[in-house]
Amino acid sequence: MKITLEALNKHFGKVKAVNNLDLEIGDGEFVALLGPSGCGKTTTLLMLAGIYKPTSGHIRFDDRVVNRLLPKERNIGMVFQSYALYPHMSTFDNITYPLKLKKVRRGEMKERAQKAADMMGIGELLDRRPAQLSGGQQQRVALARALVKEPAILLFDEPLSNLDAKLRLRMRGEIKRLQEDLGVTAVYVTHDQVEAMTMASRIAVMNYGVLQTYGAPNQLYDHPDTLFVAGFIGAPPMNFLETRFEERDDGFYLRSQALEIRIPDERGVLAKQNGAPQQVIMGIRPEDITIVAEPEGDFRAEVYLIEPLGREDLVTFKFGDEEIRALAPAPFGGRIGETIFLKLDKEKVHLFNPETEVSSFKER
Amino acid sequence: MTVRRKLRPIFAYLFLIVPSALILLGFLWLLVTSFSTKTEGLRSLGWTLRNWSFLWKPPFGPMSPSIWLITLNTFLVAAGMTVLVVLISSMSGYALSRMKFAGRKGFLSATLILHAFPSVTLLIPIYFVLRWISGIPIVGGGIPLIGGFGFNTLGGVALVMVAFQLPFGVWIMKGFFDEISWDMERSALIDGASRFRVWRQIIIPNIKPGIAALSIFSFLAGWNAYLIPFTFTIRRSGKISVLSVYLQSFMGETTITNWNAVAAVGLFQLIPVVIFFLFSQKALLNIYGGGKKGGV
């Protein structure tokens, strides 16, 4: 089922939890709503579920406006962070509760519950109570319960946040695979950008109730539209430096006290067309910085901190008043206090207008 | 150091035993007295069952009601009150915990103030209210078993008791509902349940301890009530008397009080309470121990 949100608003008193949200989710697509806590992503999800009524705007499932439909009329399945199982019911009763309310025949109910439970690998646990299950098992029961009514849309509200890291990784894959197999439209709320990147076909990044950007994971990573998205997506996060954007006879330059680099002409032209101001914020991801010998380097910096990550070392450098973090192949040979030359990948440099926080490389 | 540490529990026990012993002695005296013709302290000067004769023979002449009718009355008041208090508290507690409506906060603070109100101050206005209800046909005084809801009826007494118990019940229930996660309720709504069904099938089973505790509290309050039944029924040993009032009728102003009989009736009234406590201690502790997050 296709989902369309049009100028959707949700206000709680004076708080605009969701502000003028437009979003289109294709049939069978897996979309992540990503943002820090309080950004309006869960509110959006609950509006999709029919728990909250929008203050204004429209929600369409396919072409039908569903604003006024009750949750039970929407044919959705939802999985919660807290699992939200019914503690006084057995696993079987939990899974079949939606079917019981639909007055499905007892035989069919059993069959479908068993199928959903087997799919989630909890077929053996149907007699147990939620309290007798581990967190991972509980989450599987919750998934089975959401799937058993064969919903047109699956909603996830941070379903993996309460699991330990290893289990989270595994469930991530399972949910993604399951969604692909069933071809069901899924909306997944998370504050974990890695989860969003790995699972979703498109990510909607929200902040303060406003949609920041909407696009494929790689698109958001390689070409972030706003300063917020650039900083939010990617770990370790992007470095930001205040620089001056200068056009000279021979090209476009970024200059600060300690550094001066020339950016590719076509990017400079684009930035100029976009009205990049003199003062801009330059962004560069840690993996786009390399440690080089003196003649090739863009600038010199002092090693301040080395954090081994296993495959790579995250090195923090200081130059002038600024700090910059780079990923170096492990083991990083340098010592703390040593001065080293760094080179930036000019193709991967981002520019942001400090006033509007919009990327100066944004295609219009 | 270690000596001190060893002494500490001894002191704690001593501290608990001394006051408990005083109360236990009282009960022991009650027991001995009820089976004696006369006592000297805790020593019986002659055993007898005569004090318990009210069990098989109405003590105020053959026309006066038997203790069993009075016990039934007491039970009706206590049970009726319990059912009403639990039903109303659990529904309004849910609404106050879960729904947003105008005047919600005002209502919550008003009920709290009501709870703190001494009931004595309201006796006279309530008297007029009950007299007014008495004027309504059937409801006022024409219902079998409980009489009705007017003045000098069991229903009327229960009604007033319910009113006094409700603020407490509503707050307790609200606290228990507050503890239930929103997600569980949302999940049930999405699964296809109506709001009322969610309340009945999902929420209520999860606050059973709260309901149990409130039931016990209400029942005991009804069973032991004295002031309200005494005020709103006439004739202390009449047909619509309850145990506490009946007990009082043994202490006549014109005749010599038979204290041994008073002890026996008092003990009789106590028996169900003790049994109740034995079985419900855990649930009772729950009402103060947990589930009461409260807050507006």
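Chain order of the listed sequences is R and Z.
Numbered by the numbering used here, the letters in the first sequence go through residues 71 to 434 in order.
Numbered by the numbering used here, the letters in the second sequence go through residues 6 to 301 in order.
Using N, Cα and C, we set each Cβ at its ideal position, and we do this for glycine too.
- Under the three-state reduction of DSSP output, Q327 (chain R) falls in the coil class, being neither helix nor strand.
- In the three-state scheme derived from DSSP, where H, G and I count as helix and E and B as strand, D391 (chain R) is classed as coil.
- Looking at the DSSP output, T255 (chain R) shares a beta bridge with R:I223.
- In this structure, K416 (chain R) sits away from N344 (chain R), with a CB-CB distance that is not shorter than 8 angstroms.
- With fewer than 16 other CB atoms across the displayed protein chains lying within 10 angstroms of its CB, M104 (chain Z) is exposed.
- Contact note: P210 (chain Z) reaches chain R through H158, using a C-beta cutoff of 7 angstroms and chain order.
- From the beta-carbon of L217 (chain R), no residue of chain Z is found nearer than 7 angstroms; the closest lies around 12 angstroms away.
- Taken in chain order, the complete alpha helix (DSSP H) segments of 4 or more residues contained in the region 243 to 293 of chain R are 263 to 269 and 287 to 292.
- Counted as a single uninterrupted DSSP element, the alpha helix (DSSP H) harbouring V90 (chain Z) occupies residues I72 to R103.
- Of the residues R:N89, R:F82, R:D391 and R:L115, the one whose Cα lies closest to the Cα of D227 (chain R) is R:L115.
- In chain order, P63 place their CB closer than 6 angstroms to the CB of S71 (chain Z), counting only its own chain and leaving out the 5 sequence neighbours on each side.
- Per DSSP, V428 (chain R) lies in no alpha helix (DSSP H) and is assigned neither H nor E.
- W176 (chain Z) and L384 (chain R) have their alpha carbons spaced roughly 55 angstroms apart.
- In the three-state reduction of the DSSP assignment, S41 (chain Z) falls in the strand class.
- Judged by DSSP in its simplified three-state form, Q209 (chain R) adopts helix.
- By the rule that beta-carbons nearer than 8 angstroms mark a contact, K142 (chain R) touches chain Z.
- Contact between L219 (chain Z) and S94 (chain Z) holds, with the beta-carbon distance rounding to 6 angstroms and staying under 8 angstroms.
- Cβ contact annotation for L60 (chain Z) (same chain, cutoff 7 angstroms, sequence separation greater than five): I72, in chain order.
- Contacts with chain R (Cβ-Cβ distance below 7 angstroms) from the region 187 to 207 of chain Z involve D188, M189, R191, S192, L194, I195, D196, G197, A198 and I207, listed in chain order.
- By the neighbour-count definition (other C-beta atoms within 10 Å, threshold 16), R215 (chain R) is a buried residue.
- When the alpha-carbon of V275 (chain R) is set against those of R:F411, R:S107 and R:D234, the nearest one is in R:S107.
- Looking at the backbone, the Cα of G111 (chain Z) and that of R199 (chain R) are separated by about 40 angstroms.
- Under DSSP, F322 (chain R) takes part in a beta bridge, and its partners are R:E317 and R:I333.
- Looking only at R:L233, R:M179, R:N232 and R:E194, the smallest Cα-Cα distance to L217 (chain R) is reached by R:M179.
- A contact between stretches requires three or more CB pairs, one per stretch, nearer than 8 angstroms, and the region 172 to 186 of chain Z meets this requirement with the region 209 to 223 of chain Z.
- Close partners of P168 (chain R) in chain Z (Cβ separation under 7 angstroms): D196 and G197.
- Residue-level contact by beta carbon holds for L171 (chain R) and chain Z, with a gap shorter than 8 angstroms.
- At least one beta carbon of chain Z lies nearer than 8 angstroms to the beta carbon of S152 (chain R).
- The C-alpha of G353 (chain R) is placed about 29 angstroms away from the C-alpha of A87 (chain R).
- Assignment of G147 (chain R) by DSSP, reduced to helix, strand and coil, places it in the strand class.
- Spatial neighbours of L397 (chain R) in its own chain (CB-CB distance under 7 angstroms, excluding positions within 5 residues in sequence) are listed in chain order as P356, E357, E382 and L384.
- Apart from sequence neighbours up to five positions away, the residues of its chain that approach T38 (chain Z) with a beta-carbon distance below 6 angstroms are T44, N265 and A268, ordered along the chain.
- At a beta-carbon threshold of 9 angstroms, the residues of chain Z lying near I146 (chain R) are I195, ordered along the chain.
- With a beta-carbon spacing of about 5 angstroms, F315 (chain R) and V350 (chain R) fall inside the 8 angstroms limit used to define contacts.
- The three-state reading of DSSP puts I376 (chain R) in strand, counting E and B together.
- In terms of beta-carbon proximity, A187 (chain R) stays away from the interface with chain Z, with every pair separated by 8 angstroms or more.
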